[in-house]
Amino acid sequence: MGRTTAFVLVAVGVLVTGCLGGTTVEDPARNADAKDVTLTIVANAVSGGKNARGADWIANWVIPRFTEAQKAKGVTMAVRFEQSGTADEAFKTKVALDFKTGGGGDVVELDGIWLGEFAQAGQVKPLDDVVGKADVDAWDGWKQIPEAVQGLGRFEGKRYGVPMGTDGRVLYYNKKLFAQAGLPADWQPRSWDELLSAAAALKALPGVTPLQLNAGTAMGEATSMQGVLPALVGTGKPVHEDGKWQGATSGVKDVLGLYQRIYRDGLGDPVLQQEANGRDRSFRLFAEDKIGILLEGDYFWRSVVEPKNGVAKMADRDAAVGWALMPAQRPGAGVGGQDFVSMSGGGVRVVNPNSRFPKQAWEFMRFLNSAEAVKASLAGTAQITQRGDVNDEVLAGDPMLSFVADKVLPITRYRPGLADYPKVSAALQQATADVVAGKSPDDAAKAYQDALVKAVGEGSVATG
Amino acid sequence: MAGLGVARAVGFVAPALLLVGVFLVFPALWTLYIGVTDYQLTGPAAAAPSAVGLDNFAAVLDDALFTNSLWLTALFVLGSAVVGQNALGFALAWLLRRVRPWLRRTTEGLVLLAWILPGPVVAYLWFAVLSRDGGTLGLLLDDPTTAWLVQYPMVSLVVFNVWRGTAFSMLLYTSALAAVPPSQLETARLVGANGWQAVRDVVFPHIRGHVLTNTLLISLWTANDFTPFLLTAGGPNHESEVLPVLIYRQALEGGRLGYASAMSSLLLVGNLVVALVYLRLLRRRA
Amino acid sequence: MTPAWVVRRIGLYVLVAVVLAFFAVPVLWLASAPFDARPGLGLRWPDWTFANVATTFRHPYAVTSLVNSVLLCVVATAVTTVSAALAAYSLSRVRIPGRDALLYLLLLLSSVVTGTAAMVPIFVLMLQLGLIDSRFGTALVIAGGMLPAAIFILKDFVDSVPRSYEESARVFGASPGQVLGHVVLPVARPGVATILVWSFVNAWGNFLLPFLLLRDVGKQPAAVLLRTLQDEGGSADLAVIPVFSLLYSIPVVVLYLFVSKRYGFRFHGGIKS
Chain A
1 MGRTTAFVLV
11 AVGVLVTGCL
21 GGTTVEDPAR
31 NADAKDVTLT
41 IVANAVSGGK
51 NARGADWIAN
61 WVIPRFTEAQ
71 KAKGVTMAVR
81 FEQSGTADEA
91 FKTKVALDFK
101 TGGGGDVVEL
111 DGIWLGEFAQ
121 AGQVKPLDDV
131 VGKADVDAWD
141 GWKQIPEAVQ
151 GLGRFEGKRY
161 GVPMGTDGRV
171 LYYNKKLFAQ
181 AGLPADWQPR
191 SWDELLSAAA
201 ALKALPGVTP
211 LQLNAGTAMG
221 EATSMQGVLP
231 ALVGTGKPVH
241 EDGKWQGATS
251 GVKDVLGLYQ
261 RIYRDGLGDP
271 VLQQEANGRD
281 RSFRLFAEDK
291 IGILLEGDYF
301 WRSVVEPKNG
311 VAKMADRDAA
321 VGWALMPAQR
331 PGAGVGGQDF
341 VSMSGGGVRV
351 VNPNSRFPKQ
361 AWEFMRFLNS
371 AEAVKASLAG
381 TAQITQRGDV
391 NDEVLAGDPM
401 LSFVADKVLP
411 ITRYRPGLAD
421 YPKVSAALQQ
431 ATADVVAGKS
441 PDDAAKAYQD
451 ALVKAVGEGS
461 VATG
Chain B
1 MAGLGVARAV
11 GFVAPALLLV
21 GVFLVFPALW
31 TLYIGVTDYQ
41 LTGPAAAAPS
51 AVGLDNFAAV
61 LDDALFTNSL
71 WLTALFVLGS
81 AVVGQNALGF
91 ALAWLLRRVR
101 PWLRRTTEGL
111 VLLAWILPGP
121 VVAYLWFAVL
131 SRDGGTLGLL
141 LDDPTTAWLV
151 QYPMVSLVVF
161 NVWRGTAFSM
171 LLYTSALAAV
181 PPSQLETARL
191 VGANGWQAVR
201 DVVFPHIRGH
211 VLTNTLLISL
221 WTANDFTPFL
231 LTAGGPNHES
241 EVLPVLIYRQ
251 ALEGGRLGYA
261 SAMSSLLLVG
271 NLVVALVYLR
281 LLRRRA
Chain C
1 MTPAWVVRRI
11 GLYVLVAVVL
21 AFFAVPVLWL
31 ASAPFDARPG
41 LGLRWPDWTF
51 ANVATTFRHP
61 YAVTSLVNSV
71 LLCVVATAVT
81 TVSAALAAYS
91 LSRVRIPGRD
101 ALLYLLLLLS
111 SVVTGTAAMV
121 PIFVLMLQLG
131 LIDSRFGTAL
141 VIAGGMLPAA
151 IFILKDFVDS
161 VPRSYEESAR
171 VFGASPGQVL
181 GHVVLPVARP
191 GVATILVWSF
201 VNAWGNFLLP
211 FLLLRDVGKQ
221 PAAVLLRTLQ
231 DEGGSADLAV
241 IPVFSLLYSI
251 PVVVLYLFVS
261 KRYGFRFHGG
271 IKS
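First to last, the protein sequences are chains A, B and C. For the first sequence, position 17 matches number 17 in full-length UniProt numbering, and the numbering has no gaps at all. For the second sequence, position 58 matches number 58 in full-length UniProt numbering, and the numbering has no gaps at all. For the third sequence, position 256 matches number 256 in full-length UniProt numbering, and the numbering has no gaps at all.
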C-alpha cells in the first residue's frame, strides 16, 4: 500500500508540475466573433474594504457601461468581478495559483513590481502575443500615457500590460514645527547634510521626532520605497544596474550610514520602525504635529492627512504641510547626475494568456483605460492617473499633486521588475533593521552582502 | 470484535477514512514531495520546477533563520504550553474545587472564552492590551511608552498563549481530578500532608496519563500555532519568528514552496520526536 | 476557623481574583471599543455611540460573511463530529494492530496540512475535483484537517464507556447502530459536545483555506472579511473592526453556552490516553 501510494503521488506530482509548468500561447483571434461572452476581472479591491473606491468603480460604473455598450453592438457580455482585498502577498499567491492552474480572471490587476516574476514564470505573456500586435498598437490611449509611466507595464522591453496610474515620493514637513525651530517655511534641502541639520534643529522641540525615515522589516516594502531606494538613487546608482544588484557597495554603506545618523543620534524613533503598525503610527504622529519630516508618497497627501476623509486627518493640511524634493547625497550626486531623486510605483492590468476571449478582454482593457473611465475612477478626487489628458484636468486645483506630476515624475525611478527583486528588497530592509537595532553600517552591509549572494548568486552581485 | 462485526466496523470508519485520505494524507504527502523540489510560485523556477533531492533540507539546516526559529519554537512550546498552560490549567482545576460554585463557573467561563474566541479577534484584543499608547497593560502599570510586542516579543507571545490555551488543560485536569478517590485525599490530609505533598503523592500518580496526553496535545498545537503571526508577524527583526510563521513567510511572502515544504517536513519530524518521547513515557508507566 | 485557615482562604480568593483579571482584562476591549466614538487599539471608557454598529451593518459583506461562516462551520462541524464519532466508536471497539500508531501518524500529518506549505496541493486537488468556490468543498477540507484530533479525543471518551452497558443492550436485541445511538452516544455525550464546540471554533477562525478556495467575495466567511476591513488609506478600519469582531465572536459563545447548558462541556472521565 505504501509503495502504491508513493507511486501514485509521485506520478500525480510529476503530471501536475509538468502540466502547470508552462502555458502555450494560442491564437489571439480565438472566439473573436463570439456573441455570448463572459469576462472576469480580478483585483485586490473589495467594496467596503481595501481599495473600496476602485471596487465600487468597477462594479457600479465600469461593468454596467461596458455591458451596455456591448449590447448595442449585439454582444451579450457578462462581466464578473472577483474582489479580494487582503494583504498584497496573499493576493499575489492567489493570482499565481490561478495562473499556474490555467485559470484566473481575463483581466487581472497586479502590482507593477510583480510583472517580471509572472513574466519569467511564463504566467503572463507580452500583450502582442496575447491579443495581437496590430490591435495593441492601434490603441490611441498609448499616446496619453507618459513614456516613464509606460515602463511600469514593460518587462525586458516588451509590453505586458497597461499601467493603472503612478505616484511619486517627496519629503513632507510640518511648517508649524519648522517655524518653532526657526526653519524656513519654503524649505528645500540640497543634500543629506542639509536634511540632517534641519532635523537636528527640530530636535530642540520637546516631544517631537524630527525625521522618520522608514526602516526595518516590519514595514516591508514601505521601507524600500520610502527609505532605502530613494536614498540609494541619491548616491548615484539604482539598486540594479547592468545585470547586477548592488551588494555591499559604497552607495549601500552610505545609505546605511544615513540610517545610523538618524536613528543613533535620536533624530528618529527606532521603536516605531519595529512595530507591526508603525507606518500608521507615523501617519498619526505627523498629523498630531509630533513628527517634523517624513518621506512619503503623494498618497500621504491625498489619503492620509487629507482634511475630510484622510486616515490621519489634518484640518490645517493646506497651511501646515510643506513638501520638498528628496535631495541626492550631494548636489549632482544622484542617479543620472541629478540633484534630486524619487521612486515611483503603480499597478498594472494584464490580459490573462489563458483567456477564452483575448480580443474582448483587450477591448475591456481599453475601456478601463479610456479617459472617461479613468476620470470616473477618481470619483471627484484628485490623483495622478496614467493618462496625461486626465491629469491636466484633475490635478489643476491641487498644488501638491501638480508638483508631483510636473517635478517628480520626470526625475523618478521605478524598481526593477525582476523575480529576484523581492529578495533583494527584503535583504535591504533587513540591513536597515540591523542598523536601527545597533549594528554598524559596515557590519550590516557585510551581512547584507552575504544574504544577497545566497539569494541571487554571486555572479549577480556588484561590489565596491 | 465485541459484537460490532468487521463489515460494520469498517463501515463506521469509512467516512472518516475517506475524508482524511483525500483531504489530509494526499495533500500532506504531496507537500512532503514538494519539499525535494525547487518549486516556486512565480519566477523562472515556477515555469520548470525540478527535483533537487535533499538540497532544500541542507539549505534549511544551514539557514540561520531556521535555527533561530527552531530555538524560538522550543522556547514558545516549553514556556507557554509545557509549563504555562499545564501549570495554570492544573492550578485552576485544583483551586476551583474549593471555591463557591458561582465563582467557579465565572472563572471557568472566562478561561473558556479566551479559548473559543476566533483567532483574528483575539489578535485585536491583545493589541489593545499590549500596544504602546493607550494599551491596557501600559495603563495598568502607568508605563505608556513600552511597546511590549516590540521590546519583549517572546514574553508577550508566551503570556498570550497561556491566556489563549489554558482552558483545554483546565478542562482536562478538572475531569482527571474528579477521578481521584476522595478517600485517598482525606487520608493524606489526616496524616498531615500539606497541599503540595498531597498533589505529589496522591493526585499525581492517578493523573500521570492525563498529564502526558495533555502535554502532548498542547505541545503539538502550540508548535503548529499560527496566531503569533497575527500579533508580531515574526518581528521585530525575526525575534519572534516561530516555525509556522517562518514557513508562512517563506511560502507566501517568498513564494519558495519547495523550501517551505522542506521546513514543514522538518517540523513534522520534530513533532514526531515529541510524540515518540511521549509514547515512551506512557509505556514506562504501563 | 483557625487563623491559618483564614489566611489560606484569603490567599485562595486573591489568587483566583488575579487569574480572573488576567483572563477578563483583554476581553474588555470587545465591550468598549465597538461602542466608542473614537475606537482605538487600547482600552478606555468609551464615548458611547451606536454609529459604529450602523456603519458595520451598512458594510456590503458584513452580514453575508457571517452567514457564510455559519454555513461553512455547520457543515465542517457536522461532518467532523459525525464521522469522528463513528470512527472513534469503531476504533475503540475493534482491535487492529498498529491502530494507535496510525492515529498518531494522522495527528502529525494534520499539522502539515493545516500549514501553508500544503496550499498548492490542496488548491490543485480542489481544482481537479471542481470544488473551487464551493463552500461545501471548503468545509470538507477543513473537516479533513480536524478529523484526526477529533477521533483521537473522542476515542478516549468512548473507551471510558463501560462495555457492560453495550452488552446488556445487545442481550435485549439492539443492533450495533442502536447500541451506538442509544447507549454509547448518550454516555459519551459530553465528549461529543466538546468535539462539536472544538471543531466549530477551529473552523470558525480558519482564514487561509477559505481565502484560497472561495473566490466569490459573496461566499467568503467572516475570517476572510475581517482581514479586508481597511479604510481607503489601507489602515485598519477601526469603525468597523470592533463591532464586527463582536458580531463574529457571538456565535461561538452562544454555541458554547448552549452546548454546555444542554449537554455539559467537560471531559468527564476524559482523555486518559
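No residue lacks a Cβ here, since even glycine has one placed at the ideal position from N, Cα and C. Computed from a predicted model, the values in this text were never measured in an experiment.
Cβ neighbour criterion (16 or more within 10 Å) applied to A/F155:
Within the first sequence, the letter at position 155 stands for residue 155 of chain A. Buried, because 16 or more other Cβ atoms sit within 10 Å of the Cβ of A/F155.
Name the residue from A/V255, A/I411, A/K407 and A/A382 whose alpha carbon lies nearest to the alpha carbon of A/D398.
Reading the first sequence from its first residue, position 398 is the one you call residue 398 of chain A. If we check each option's Cα against that of A/D398, A/A382 comes out closest.
According to DSSP, is C/P3 part of a helix, a strand, or is it coil?
Position 3 of the third sequence, counted from the start, is the residue given in the question as residue 3 of chain C. Helix, per DSSP.
Quick one: residues in its chain with C-beta nearer than 6 Å to the C-beta of A/G22, no 5 flanking neighbours on either side, listed in chain order?
Stepping through the first sequence from its first residue, residue 22 of chain A is reached at position 22. With a pLDDT of 42 at A/G22, under the threshold of 50, the modelled position of this residue cannot be trusted; read the value that follows with caution. G122.
Once the 5 residues before and after C/W48 are set aside, which same chain residues still bring their CB inside 8 Å of it?
For the purposes of this step, residue 48 of chain C is identified with residue 48 of the third sequence, where counting begins at 1. Answer for C/W48: F35, D36 and A37, listed in chain order.
Where A/K158 falls: helix, strand or coil (DSSP)
Indexing the first sequence from 1 puts residue 158 of chain A at position 158. Reduced to three states, the DSSP call for A/K158 is strand.
What does DSSP give as the partner residue(s) for A/Q274 in the beta ladder?
Within the first sequence, the letter at position 274 stands for residue 274 of chain A. DSSP output for A/Q274 lists no bridge partner at all.
I think A/S191 touches A/Q338, with their Cβ atoms under 8 Å apart; what is that distance to the nearest whole Å?
If you number the first sequence from 1, residue 191 of chain A lands on position 191. If you number the first sequence from 1, residue 338 of chain A lands on position 338. Not confirmed; about 13 Å, so no contact.
Members of the segment 217-251 of chain A that neighbour chain B once the beta carbon cut-off is set at 9 Å:
T217, A218 and G220
State buried or exposed for B/N194, treating a residue as buried only when at least 16 other CB atoms are found within 10 Å of its CB.
Position 194 of the second sequence, counting from 1, holds the residue named residue 194 of chain B. So B/N194 ends up on the exposed side.
Name the two residues that bound the continuous alpha helix (DSSP H) containing C/N52.
Counted from its first residue, the third sequence places residue 52 of chain C at position 52. Where C/N52 is concerned, the enclosing alpha helix (DSSP H) starts and stops at A51 to R58.
Would the beta-carbon of B/L130 fall within 8 Å of that of B/S156?
Stepping through the second sequence from its first residue, residue 130 of chain B is reached at position 130. Stepping through the second sequence from its first residue, residue 156 of chain B is reached at position 156. Going by C-beta atoms, B/L130 is nearer than 8 Å to B/S156.
From A/S303 to A/G310, what does the alpha carbon distance come to, in whole angstroms?
In the first sequence, counting from the first residue as 1, residue 303 of chain A sits at position 303. In the first sequence, counting from the first residue as 1, residue 310 of chain A sits at position 310. Here the alpha carbon of A/S303 sits roughly 5 Å from the alpha carbon of A/G310.
Name the chain A residues that come within less than 7 Å of C/R215, Cβ to Cβ?
Counting from one through the third sequence, the residue named residue 215 of chain C turns up at place 215. By Cβ distance, chain A contributes E82.
Report yes if the C-beta distance between A/P358 and A/R30 is below 8 Å; otherwise report no.
Residue 358 of chain A sits at position 358 when you count from the first residue of the first sequence. Residue 30 of chain A sits at position 30 when you count from the first residue of the first sequence. Taking 8 Å as the Cβ cut-off, A/P358 and A/R30 qualify as a contacting pair.
Could you check if C/G191 is buried or exposed, using at least 16 other CB atoms within 10 Å of its CB as the buried criterion?
Position 191 of the third sequence, counted from the start, is the residue given in the question as residue 191 of chain C. When all chains shown are included, C/G191 counts as buried.
Can a CB atom of chain A be found closer than 8 Å to the CB of C/H59?
Position 59 of the third sequence, counted from the first residue, corresponds to residue 59 of chain C. Yes, contact with chain A.
Assumed close pair A/V348, A/P163 - CB separation to whole angstroms, cut-off 8 Å:
Within the first sequence, residue 348 of chain A is the residue found at index 348, counting from 1. Within the first sequence, residue 163 of chain A is the residue found at index 163, counting from 1. About 6 Å; that satisfies the 8 Å criterion.
Contacting residues, own chain, Cβ-Cβ under 8 Å from C/K219 (five flanking each side not counted):
Looking up residue 219 of chain C in the third sequence gives position 219. Within the same chain, C/K219 has close Cβ partners N68, D133 and R135.
Quick one, which residues of the segment 28-60 of chain A are near chain C if we go by CB-CB under 7 Å, in chain order?
V46, S47, G48, G49, K50, A52 and R53
Run the CB neighbour count on A/Q83, radius 10 Å, all protein chains shown included, and call it buried at 16 or more, exposed below.
Position 83 of the first sequence holds residue 83 of chain A. Buried.
Terminal residues of the beta strand (DSSP E) in which A/R169 lies:
As a position in the first sequence, residue 169 of chain A is number 169, starting the count at 1. Where A/R169 is concerned, the enclosing beta strand (DSSP E) starts and stops at R169 to N174.
is_contact[C/F136, chain B] using C-beta, thresh 8 Å:
On the third sequence, residue 136 of chain C is found 136 positions in, with the first residue counted as 1. No, C/F136 does not count as interfacial toward chain B.
Measuring alpha carbon to alpha carbon, tell me which of A/G182, A/A437 and A/D298 ends up nearest A/G345.
Numbered from its first residue, the first sequence carries residue 345 of chain A at position 345. When C-alpha distances from A/G345 are compared across A/G182, A/A437 and A/D298, the shortest belongs to A/D298.
Please tell me whether A/K100 and B/A46 are closer than 8 Å, where the distance is taken between their beta carbons.
Taking the first sequence and counting its residues from 1, one reaches residue 100 of chain A at position 100. Taking the second sequence and counting its residues from 1, one reaches residue 46 of chain B at position 46. Yes, they are a contact pair.
Could you work out which residue in B/L103, B/L19 and B/A51 is closest to C/V19 when comparing CA atoms only?
The count along the third sequence starts at 1 and reaches residue 19 of chain C at position 19. The shortest Cα separation from C/V19 among B/L103, B/L19 and B/A51 belongs to B/L103.
Grab me the residues of residue 499 of chain A's own chain with a C-beta within less than 6 Å of its C-beta, minus the 5 sequence neighbours each way, in chain order.
Beyond the ends of chain A as shown, which are 1 and 464, falls residue 499 of chain A; an answer cannot be given.
Tell whether a beta-carbon distance below 8 Å holds between B/G84 and B/V158.
For the purposes of this step, residue 84 of chain B is taken as residue 84 along the second sequence, with counting starting at 1. For the purposes of this step, residue 158 of chain B is taken as residue 158 along the second sequence, with counting starting at 1. Yes, the pair counts as a contact, with Cβ atoms nearer than the cut-off.
Per DSSP, what kind of secondary structure is B/Y39 in: helix, strand or coil?
Here residue 39 of chain B refers to the residue found at position 39 when the second sequence is read from its first residue. Here B/Y39 sits in coil by DSSP.
When you compare each of C/L41, C/L212 and C/Y263 to C/L131 by their alpha carbons, which one comes out closest?
Translated into the one-based positions of the third sequence, residue 131 of chain C becomes position 131. Sorting C/L41, C/L212 and C/Y263 by C-alpha distance to the C-alpha of C/L131 places C/L212 at the top.
Using a Cβ-Cβ distance under 8 Å, would C/R227 count as near chain A?
By one-based count along the third sequence, residue 227 of chain C stands at place 227. Judged by the 8 Å Cβ criterion, C/R227 is in contact with chain A.
Identify which residue in A/E393, A/F364 and A/G388 has its Cα closest to the Cα of A/V136.
Locating residue 136 of chain A in the first sequence gives position 136, where the first residue counts as 1. When each option's Cα is compared against that of A/V136, the closest is A/F364.
Got a sec, what are the start and stop residues for the alpha helix (DSSP H) A/E288 sits in?
Working through the first sequence from its first residue, we reach residue 288 of chain A at position 288. Counting along the chain, A/E288 falls outside any alpha helix (DSSP H), and DSSP gives it neither H nor E.
Report yes or no: is there a C-beta of chain A within less than 8 Å of the C-beta of B/V150?
Locating residue 150 of chain B in the second sequence gives position 150, where the first residue counts as 1. For B/V150, the answer is yes, since a Cβ of chain A falls inside 8 Å of its Cβ.
Using beta carbons (cut-off 8 Å, strictly below), is C/F35 in contact with chain A?
Counting from 1 along the third sequence, the entry for residue 35 of chain C is found at position 35. Between C/F35 and chain A, the shortest Cβ-Cβ separation is not below 8 Å.
Given B/A233 as reference, the closest of B/V60, B/L220 and B/I247 once Cα atoms are compared:
Numbered from its first residue, the second sequence carries residue 233 of chain B at position 233. B/A233 has its Cα closest to that of B/I247, out of B/V60, B/L220 and B/I247.
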